[in-house]
Amino acid sequence: MSQKYDITMKNIFSDMADDIMSYFLGLQYTKIDELNIEFARVERRDSDMIFKCTTDKGNVAVHIEFQSENDEKMPYRMLRYSLEIMEKHDLLPYQIVVYIGKNNVKMANSLNYDFGEQNALDYKYKIINVGDIKYIDVVKTDYYDLYSLLPLMDQNRRKEEGEKYLERCVEAIKDIPLDINKKKDIAFKAEILSGIVFKREVIEKVFSEVIKMFRIEESETYKMIIEKGIEKGIEKGIEKGAKEEKFSIAKKLLKEGMDIDRIAEITELSKEEIKKLMN
Numbered sequence: 018m019s020q021k022y023d024i025t026m027k028n029i030f031s032d033m034a035d036d037i038m039s040y041f042l043g044l045q046y047t048k049i050d051e052l053n054i055e056f057a058r059v060e061r062r063d064s065d066m067i068f069k070c071t072t073d074k075g076n077v078a079v080h081i082e083f084q085s086e087n088d089e090k091m092p093y094r095m096l097r098y099s100l101e102i103m104e105k106h107d108l109l110p111y112q113i114v115v116y117i118g119k120n121n122v123k124m125a126n127s128l129n130y131d132f133g134e135q136n137a138l139d140y141k142y143k144i145i146n147v148g149d150i151k152y153i154d155v156v157k158t159d160y161y162d163l164y165s166l167l168p169l170m171d172q173n174r175r176k177e178e179g180e181k182y183l184e185r186c187v188e189a190i191k192d193i194p195l196d197i198n199k200k201k202d203i204a205f206k207a208e209i210l211s212g213i214v215f216k217r218e219v220i221e222k223v224f225s226e227v228i229k230m231f232r233i234e235e236s237e238t239y240k241m242i243i244e245k246g247i248e249k250g251i252e253k254g255i256e257k258g259a260k261e262e263k264f265s266i267a268k269k270l271l272k273e274g275m276d277i278d279r280i281a282e283i284t285e286l287s288k289e290e291i292k293k294l295m296n
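First residue of the sequence shown? That's 18 in this note's numbering, and the numbers climb one at a time after it.
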């Protein structure tokens with residue numbers, strides 16, 4: 018996946034795994050454990066999510082990757098990941114790529130060749146395009162963690178309604194029958210993910226009311242992202258290169274759709290400095 022969302026990827030999607038497996042996959046399972054695999058021989062990166070699960074087909078490793086851009090090499094990456102999973106954990110991999118990009122999916126989901134019975138490959142995995150999921154279908158369910166993905170869903174309706182569609186998403190989140198702390202987390206994640214498909218000024222306008230209402234800065238996900246991705250970086254650069262570190266952090270937050278005022282408060286950069294980074 019593009020590195021622009023590396024800071025928040027684990028935090029944003031960690032709570033969605035159960036709902037993705039149940040709603041998107043219709044998978045009947047019992048989750049046993051989360052498997053932490055670093056694909057050192059592949060790309061020196063961590064996989065997004067891998068869970069050891071018991072299903073009606075026995076124990077499997079459910080491997081979920083999130084992709085915000087089309088990658089023509091995705092089938093090769095996924096095949097390498099599947100081999101790593103089988104070798105390290107002796108589990109059959111059930112692999113899914115959840116595509117959250119702005120453009121249509123153009124990635125293949127298979128690799129195959131046939132040079133006869135003794136030399137053949139027929140490999141496939143599942144791609145879920147969040148843009149194909151209908152808004153109305155999700156809001157009728159109690160898979161509330163998936164509400165963070167609402168701004169990326171229903172691509173045709175989203176393009177037709179624009180800002181009005183994002184307002185619908187925010188209203189749906191506000192109406193979730195959960196405690197305020199859970200709604201804070203869902204709203205914050207939805208705000209960040211909105212940056213993939215909506216312009217920053219639209220996001221700021223639509224989310225301004227819910228930010229004040231929920232005090233999103235108090236959400237656990239917000240605190241975790243700030244603590245792990247921002248404060249750590251700032252502290253590391255206090256004695257040397259602190260300014261450069263703040264610029265780097267500000268660039269990442271701009272790409273995630275965070276508004277300038279909040280970035281200035283977090284990084285202690287001036288609004289003028291941050292605006293220059295937008296170019």
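We put the beta carbon where it would ideally sit given N, CA and C, even for glycine.
For A281, which of helix, strand or coil comes out of DSSP? In this structure, A281 counts as helix in the three-state DSSP scheme.
Alpha carbon to alpha carbon, what distance is there between R185 and R306? The structure shown does not extend to residue 306, since the chain is modelled only from 18 through 296, so no value can be given for it.
Quick one: Cα of Y164 to Cα of I197, how far? Rounded to the nearest angstrom, the gap between the Cα atoms of Y164 and I197 is 15 angstroms.
By the 10 Å Cβ neighbour count, where 16 or more other Cβ atoms means buried, how is K292 classified, buried or exposed? The residue is exposed, with fewer than 16 neighbouring Cβ atoms inside 10 Å.
DSSP-derived helix/strand/coil call for K74: In this structure, DSSP gives K74 a state outside helix and strand, which the three-state scheme calls coil.
Is the stretch 164-181 touching the stretch 206-221, taking contact as three or more C-beta pairs under 8 angstroms? Segments in contact, yes.
Contact belief for V156 with V187 at Cβ below 8 angstroms, rounded distance in angstroms: That pair is no contact at about 12 angstroms.
Please return the same chain residues whose Cβ sits closer than 6 angstroms to the Cβ of R58, not counting the five positions on each side in sequence. Model confidence at R58 stands at a pLDDT of 47, short of 50, so the residue's coordinates are unreliable and nothing is read from them.
In the structure shown, what three-state DSSP assignment does F68 receive? Annotated three-state conformation of F68 is strand, per DSSP.
Quick check: what's the CA-CA separation for N129 versus A137? Roughly 7 angstroms separates the two Cα atoms.
Report the residue from G118, M66, Y116 and A267 whose alpha carbon sits nearest the alpha carbon of I102. If we check each option's Cα against that of I102, M66 comes out closest.
Pick out whichever of A207, V227, M170 and N120 has its Cα sitting closest to the Cα of F30. Looking from the CA of F30, the closest CA among A207, V227, M170 and N120 belongs to A207.
Residue from R97, K268, L195 and I145 with nearest C-alpha to G43: The shortest C-alpha separation from G43 is found at I145.
DSSP three-state label for S31, please. In the three-state DSSP reduction, S31 falls in the helix class (H, G or I).
C-alpha gap between N87 and V214, whole angstroms: Each residue's Cα considered, the two are about 15 angstroms apart.
How would you call G118, buried or exposed, if buried means at least 16 neighbouring beta carbons within 10 angstroms? Counting the other Cβ atoms within 10 Å of the Cβ of G118 gives 16 or more, which makes it buried.
Using 10 angstroms around the beta-carbon of Q45, count the other beta-carbons present and answer buried if the total reaches 16, otherwise exposed. When all chains shown are included, Q45 counts as exposed.
Quick check on F295: buried or exposed, where buried means 16 or more other Cβ atoms within 10 Å of its Cβ? The amino acid at residue 295 is misidentified as Phe; the sequence shows Met. With a threshold of 16 other beta carbon atoms within 10 Å, M295 falls short and is exposed.
Spatial neighbours of M91 within its chain, please: C-beta separation below 6 angstroms, excluding the five flanking residues on both sides. M124, listed in sequence order.
Which listed residue (Q112, D276, F83 and D154) has its alpha carbon closest to that of I209: Put simply, of Q112, D276, F83 and D154 the residue whose alpha carbon is nearest the alpha carbon of I209 is D276.
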